[in-house]
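Peer 1: Below is the structure I would like to discuss, written out as structure tokens.
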Amino acid sequence: MGKFLFEGQLKADFDDRLLAHLQVVIGAKLRRGESFHFTWKDDPSIGDGRTSIWVHPHSVITYKFYGGRLPALNRAWVDALMFTANSPRGLYVVPEPPANTGGEQATDEAY
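Just so we're aligned: 69 in UniProt numbering is position 69 of the sequence shown, and the numbers increase by one with no gaps anywhere.
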């Protein structure tokens, strides 16, 4: 279970695989100078609500992965997450779709 830390104050746990995909999407948006909302459902242990943050190019974000290996990236999932990030609602977690029909798993170099 990896950790997403925002501005040194807010911490959220995400599976390493999801966190790697979020890192790609958030990084792409910020490289383009784009700000956006990022919303996720909270763990039941902290109230079962949701958290929403405003991410901007000067945000301080830390991605702390539990595992030592970089998960393979699913280009279809990156595209689905990017689609939400570009919507008026902002980035939110969607289920991982099947990998592209070509059977390719994207690598971090692809992004």
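Ideal placement from N, C-alpha and C gives every residue a C-beta, glycine not left out.
Residue 16 bridges to which residues according to DSSP?
Peer 2: In the DSSP output, where bridge partners are listed per residue, residue 16 has none listed.
Peer 1: Just the Cα atoms here: how many angstroms apart are residue 7 and residue 63?
Peer 2: 12 angstroms
Peer 1: CB residue 73 to CB residue 84, shorter than 8 angstroms?
Peer 2: no
Peer 1: When the Cα of residue 76 is compared with those of 100, 42, 19, which residue comes out closest?
Peer 2: That would be 100, whose Cα lies nearest to the Cα of residue 76.
Peer 1: Please classify residue 32: does DSSP put it in a helix, a strand, or coil?
Peer 2: Residue 32 falls in the coil class under three-state DSSP.
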